[in-house]
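Using the UniProt record's numbering, the first residue of the sequence shown is number 1, and each one after it goes up by one.
What follows is a single structure, written as structure tokens, with notes after it.
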Amino acid sequence: MRHVEAILRGVIGDVEFIYLSASWKDFSDTADTDHRVWGHGDPEFDEIKGLGVSLALVRHTLEKDGPFSGVVGFSSGAAMTATITSLLEQPYRGDVKTGRNVSLEINHPQLRFAICLSGFRLKHVSYKKSFYSSSIKTPTFHTIGTSDAVIDPNRTVDLTNCYEDAQVYQYDGGHYVPQYKEANGLRGDLIPFLQRVMKMPTDDACAEIHF
């Protein structure tokens, strides 16, 4: 994330970064003991257990530390990023219910931007109505690794189609934040995107939240 953070500081200037740790321990056989997740289940098929608790954590952070200009997420964090941008536009989208899931019933402005790194969409039928029932208007920047063996690039493309204003940076690499040889290309695309969205009229905010 350090490359993205450096770009954000270069464009926006005085900015505070708030880093959130996921709510749940990862119980998969291959997981590191300290690895955490935003919920449990297969995002291709399942209703994600624990997602409501994770959204409550985000809501608390927005209330305590906001307002925020943008949000940045990698992998499952990018899936959470898409959920947050959607709910901040329409806090009562669809039929997201407290208990199984939770809406963001909060007085927080729509974000200026979101950055989704190797992201994907939650595909259970309830989420289609809850989060993706209409196009998300928040401007987004997406990265896609053409040889990503963890998140199929087509899943990231599927996520970009949920947005009205989606810019994509594609690189010849795997499941990681673009760095080293890809960093120059990322910078060349991300800087104009940030310059554009930060000029858009909106409520003042000066912080970013990272997943």
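All C-beta atoms, glycine included, are put in the ideal place defined by N, C-alpha and C.
Quick caveat: nothing in here was measured; it's all calculated off a predicted structure.
Quiz item: Among residues of its own chain, excluding the 5 on either side of VAL168, which ones have a beta-carbon nearer than 7 Å to its beta-carbon?
Solution: The residues are HIS142, ILE144, THR160.
Quiz item: At what residues does the beta strand (DSSP E) containing GLU16 begin and finish?
Solution: 16–19
Quiz item: Just curious, the beta strand (DSSP E) that ILE144 is in, first and last residue?
Solution: Start and end: 140–145.
Quiz prompt | Reduced DSSP secondary structure (H/G/I, E/B, other) of HIS3 | solution = Residue state, collapsed to three classes: helix.
Quiz item: Going by beta carbon distance, what residues of the same chain come within less than 6 Å of PHE131, once the five residues before and after it are set aside?
Solution: THR83, SER86
Self-check item: HIS175 versus GLN195, VAL197, SER147, residue with shortest Cα-Cα distance
Solution: SER147
Practice problem: Measuring alpha carbon to alpha carbon, tell me which of PHE45, ASP14, LEU62, ARG2 ends up nearest SER126. | Solution: PHE45
Practice problem: Look up LEU117 in the DSSP assignment and say whether it is helix, strand or coil. | Solution: strand
Exercise. State the DSSP-derived secondary structure class of GLN110, mapped to helix, strand or coil.
Key: coil
Exercise. Using beta-carbon positions only, say whether VAL58 and ILE115 come within less than 9 Å of one another.
Key: Cβ distance not < 9 Å, so VAL58 and ILE115 don't count as in contact.
Quiz item: Counting Cβ pairs closer than 8 Å, one from the region 1–13 and one from the region 184–194, do we hit at least three?
Solution: yes
Self-check item: For GLY77, the three-state DSSP class (helix, strand or coil)
Solution: helix
Quiz item: If GLY119 sits next to THR81, beta carbons under 8 Å apart, how far is it from one beta carbon to the other, in whole angstroms?
Solution: 7 Å
Quiz prompt | Minimum C-alpha distance to PRO192 - residue among THR140, ASP26, ALA56 | solution = Comparing Cα positions, the closest option is THR140.
Self-check item: Option nearest PHE68 by Cα separation, candidates ARG9, PHE113, VAL177
Solution: PHE113
Exercise. Taking ARG9 and SER21 to be in contact with their CB atoms under 8 Å, please state how far apart those CB atoms are, rounded to whole angstroms.
Key: Their Cβ separation, rounded to whole angstroms, is 22 Å, which puts ARG9 and SER21 out of contact at 8 Å.
Exercise. Compute the beta-carbon to beta-carbon distance between GLU47 and HIS124, rounded to the nearest angstrom, for a pair I have assumed lies under 8 Å.
Key: 5 Å
Self-check item: Beta-carbon gap between GLY13 and SER23 smaller than 9 Å
Solution: no
Quiz item: Per DSSP, which one or two residues make a beta bridge with ILE12?
Solution: ILE12 is not bridged to any residue.
Quiz prompt | For VAL177, three-class secondary structure by DSSP | solution = coil
Practice problem: Leaving out five residues on either side along the sequence, give the residues of the same chain with a beta carbon under 8 Å from the beta carbon of ASP165. | Solution: If we look at ASP165 and ignore the five residues flanking it on each side, its Cβ neighbours are LYS137, THR138, PRO139, THR140.
Self-check item: Residue nearest to ARG121 in terms of C-alpha spacing, selected from GLN179, GLY50, LEU88, ASP152
Solution: ASP152
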